[in-house]
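Structure record follows, encoded as structure tokens.
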Amino acid sequence: MSPETLLASFSELAISAPLLQAIKEIGYETPSPIQAKSIPCLLDGRDLLGQAQTGTGKTAAFALPILNRLNVLLKQPQALVLTPTRELAIQVAEAFQSYARHLEGFHVLPIYGGQSMEIQLRQLKRGVHVIVGTPGRIIDHLKRRTLSLASVAALVLDEADEMLKMGFIDDVEWIIEQAPPERQIALFSATMPDVIRKVAKRHLREPAEIRIHTKTATVEALAQYYWLVSGIHKLDALTRILEVEDFDAMLVFVRTKTATEELAEKLEARGYAAAALNGDMNQAVREKTVERLKNTTLDILVATDVAARGLDVERISHVVNYDIPYDTEAYIHRVGRTGRAGRTGRAILFVAPRERRMLGAIERATRQKIKEMQLPTHQDIADRRIEQFKQLVANTLEGEELSFYRQLVQHLMDERDLAAVDVASALTFLVQRERPLLVTEKAREEKAPIIPASSRDKWADKTPRRRDTLGSDRVLYRLEVGRDHGVNPKDIVGAIANEADIPGKQIGHIKLYAAFSTVDLPAELSAAMLKKLEKIRVLNQPLRIRRIDEDERSADQARSIDVPSEAKAKTKSESFPESSRTRAKSGPVEDK
Ligand code: AMP
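This note's numbering runs 18 ahead of the 1-based position in the sequence shown.
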């Protein structure tokens, strides 16, 4: 990206307040290069010939100028977008709808073959402002005179080369001819074959030509992989990668500010030390966050391109392109954040099938082949956990003072006539409960916890780092799941954060009892959140969450014995073992 495109903000682009508001809410930080270049031309009323593919942000590049000049009171089609496929028509219509969320009374209609004519006619009669359709069905309507282009001021040909490939190009030209002569045309195409150039020449008037140039650059000391997004959610894919990749620090790139926050929350809820880095944060907060990555209190940063500009942290061993970059320069910039100081970095790119073209462009720009990667399987994860477990046992034997525990185990064996292997098996079982060694599909479906692959000591450092301080207006809730159900605090945090959309930092202290647990949550939860909360299940147990009033709370506190760890150890050695077992059973086991 060139400096001027990076600096441009949407507010500099002279688009109306309701559109700016929508963009802010959606979370776009800066215009993508194609937007920064196209929007001013289109706002000026010029025709445009743009070479851009899916993933560059071209939809907003033409949708925003169209919406900017729309008269909502005039219930006539004022813009027509032609797309090669029904899927794209729907996607583009949805994008219009979302950018127009603050334009009251705005209607966009996708029109494509295969959908009932009746429904389309009814919607057309109701009055629509923008039509997005495939050429064949648009022609049907024009010929039947159920659609008129008389008020159309802007025409967009989206993915023109695809329309050409599908044999629609004559239809497209015919449609252009039905529009008023003073219409503005924007033609977007990923490639510019001669036929498309000729169409442009015939119908566009002194178009601005926009091309996102692809600078080549060598990316050294980098192992690059891509994963073709299919079947599995990106979040699930990322957590699998986190489990098996040996990473020191990781930078995850997403497109929007909102996405940085959402993804960082979700990773946090899964126990990773993750934080967002976006342009909404002021310089001081950003610097502090980067400092935390440097001093290892954070392992993962979820960032936008703008926020990560110039980031130089040696620890970054991995860059994950969770959302594909807009152009090859952005890719080169992103992956340049790893492989610092002569180390070999790893870059992983998530590519949706529709974004494959960008993958090819990146390979050409970096003059490197990017290898396809297979996601770690459950078996890989299980193998890895077992390996880590063995290592942890070995490290503990080597590095810890165990005489008290040896005594304890010996005592247990003698008292109950047990073999060492049986005692060890039972302890292994207990240790792995919150992070099962046997990872199965079923366990994952039940949202089995995925615990941090903190790069240093993955098993010893199981206490997730403390979240931000909590506000004071908090209420205690009771959940009908407890230790006996096999849950742990992380399951509960994960479920509440993910299913009820309550940010991880708002979830307070969790206490686990045998049959139930308690959690501190904000006093003012919305009705929608409460409804979601009521339905949540953890390890297949309904939470049946409810508020606890003050009396019940004090009774709860009286029942729970919160013994400080040294005191506990002391008590154990004195009156070992019966009393400690009873205590462990009645007291809360773990904070989150
Ligand atoms: P498109 O190339 O139009 O299909 O857009 C690809 C994706 O980029 C969509 O998910 C858009 O929501 C997103 N997007 C478009 N413009 C921006 C922007 N300026 N900032 C962040 N995301 C964007």
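By construction, the Cβ of each residue, glycine as well, lies at the ideal position given by its N, Cα and C atoms.
- Three or more beta-carbon pairs separated by less than 8 Å are not found between the segment 305 to 316 and the segment 75 to 87, which leaves the two stretches without contact.
- Apart from the 5 residues on each side of it in sequence, residue 436 sits with its Cβ closer than 7 Å to the Cβ of 430 in its chain, given in chain order.
- DSSP links residue 246 through a beta bridge to 369.
- Under the three-state reduction of DSSP, residue 179 is assigned to helix.
- Short of 6 Å from the beta carbon of residue 275, and not among the five residues preceding or following it, lie these beta carbons of its own chain, in chain order: 45, 47, 296 and 298.
- Going by C-alpha positions, residue 261 is about 20 Å away from residue 278.
- By the neighbour-count definition (other C-beta atoms within 10 Å, threshold 16), residue 212 is an exposed residue.
- For residue 379, the enclosing alpha helix (DSSP H) has its first and last residue at 374 to 384.
- Per DSSP, residue 113 is not a residue of any beta strand (DSSP E); the alpha helix (DSSP H) it occupies stretches across 104 to 117.
- A distance criterion of 7 Å places the beta-carbon of residue 195 beyond contact range of the ligand AMP, judged by its closest non-hydrogen atom.
- Where residue 66 is concerned, the enclosing beta strand (DSSP E) starts and stops at 66 to 69.
- A residue is called buried when at least 16 other Cβ atoms come within 10 angstroms of its Cβ; residue 413 does not meet this threshold and is exposed.
- In the DSSP annotation of this structure, the continuous segment of the beta strand (DSSP E) that includes residue 202 starts and ends at 202 to 207.
- DSSP, read as helix, strand or coil, puts residue 564 in strand.
- Within the same chain, Cβ atoms closer than 6 Å to the Cβ of residue 26 are found at 49 and 54, the five residues on either side in sequence being excluded.
- Inside the segment 240 to 291, DSSP marks whole alpha helix (DSSP H) runs of 4 or more residues at positions 252 to 262 and 275 to 287, from first to last along the chain.
- Annotation: the continuous beta strand (DSSP E) that includes residue 334 extends over 334 to 339.
- In the structure shown, the three-state DSSP call for residue 294 is strand.
- Residue range 492 to 497 is occupied by the beta strand (DSSP E) that includes residue 495.
- Secondary structure at residue 164: coil, using DSSP grouped into helix, strand and coil.
- Contact between the segment 219 to 232 and the segment 191 to 207 is present: three or more C-beta pairs spanning the two stretches fall below 8 Å.
- Collapsing the DSSP output to three states places residue 320 in a strand.
- A Cβ-Cβ distance of about 6 Å is found for the pair residue 455 and residue 407, placing them in contact under the 8 Å criterion.
- Annotation for residue 434: the continuous alpha helix (DSSP H) segment containing it runs 421 to 434.
- Under the DSSP assignment, residue 224 falls outside any alpha helix (DSSP H); it carries neither an H nor an E label.
- For residue 405, the shortest C-beta to heavy atom distance toward the ligand AMP is 7 Å or greater.
- DSSP places residue 458 in the coil class of the three-state scheme, outside both helix and strand.
- Distance from the CA atom of residue 306 to the CA atom of residue 447, rounded to whole angstroms, is 40 Å.
- Remark: the C-beta of residue 78 is in contact range of the ligand AMP, defined as less than 7 Å to any heavy atom.
- By the beta-carbon neighbour count (other beta carbons within 10 angstroms, threshold 16), residue 129 is buried.
- Taking all protein chains shown into account, residue 327 has fewer than 16 neighbouring C-beta atoms within 10 Å of its C-beta and is therefore exposed.
- For the pair residue 153 and residue 189, the CB atoms are nearer than the 8 Å cut-off.
- In terms of Cβ geometry, residue 150 and residue 125 do not form a close pair [threshold 8 Å].
- In terms of side-chain proximity, the C-beta atom of residue 48 is found nearer than 7 Å to a non-hydrogen atom of the ligand AMP.
- If you draw a straight line from the Cα of residue 257 to the Cα of residue 209, it is about 36 Å long.
- CA-to-CA, the gap between residue 316 and residue 364 works out to about 19 Å.
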